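Q: 7 is the number of the first residue of the sequence shown in the numbering used here; add one for each residue after it.
All C-beta atoms, glycine included, are put in the ideal place defined by N, C-alpha and C.
All values reported here derive from a predicted model rather than from experimental measurement.
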Amino acid sequence: MQHSIINLTVLYFYDALKYIRKNCIKEGHPELSKISQGTISKILNESKIKPHKIRSYTAKVDPDFDKKAAKVLGTYKEAKKLKKLKKKT
7 MQHSIINLTV LYFYDALKYI RKNCIKEGHP ELSKISQGTI SKILNESKIK PHKIRSYTAK
67 VDPDFDKKAA KVLGTYKEAK KLKKLKKKT
């Protein structure tokens, strides 16, 4: 598992490097066109920004989600109608 985390970190820095080099001139920072991956790594490591440490997960999708959501949304819709009727009387 540790190996894949390292790979994700390297990929993140590489993507950041490509993005910076591609956009630096139009953003008014031509001096960044030759920035190195090591410099990006150093800047991020010295800051509180740790995008490579963000974890995510995949949720299992409920096959009955649409039915359940429709029921809940229908309940809210009905409650809204009842509230309007109550205000009219």
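Can the beta-carbon of I26 be found closer than 8 Å to that of I49?
A: Counted from its first residue, the sequence shown places residue 26 at position 20. Counted from its first residue, the sequence shown places residue 49 at position 43. Against a cut-off of 8 Å, the Cβ pair of I49 and I26 comes out as no contact.
Q: The alpha helix (DSSP H) spanning V78 covers which residue range?
A: Residue 78 sits at position 72 when you count from the first residue of the sequence shown. Segment 71-94, the alpha helix (DSSP H) holding V78.
Q: For the alpha helix (DSSP H) holding L50, just list the boundary residues, first then last.
A: The sequence position of residue 50 within the sequence shown is 44, counting from 1. Residues 43-52.
Q: For L38 and C30, which I take to be in contact (beta-carbon distance under 8 Å), what is that distance rounded to the nearest angstrom?
A: Counting from 1 along the sequence shown, the entry for residue 38 is found at position 32. Counting from 1 along the sequence shown, the entry for residue 30 is found at position 24. Yes, L38 and C30 are in contact; Cβ-Cβ is about 4 Å, under 8 Å.
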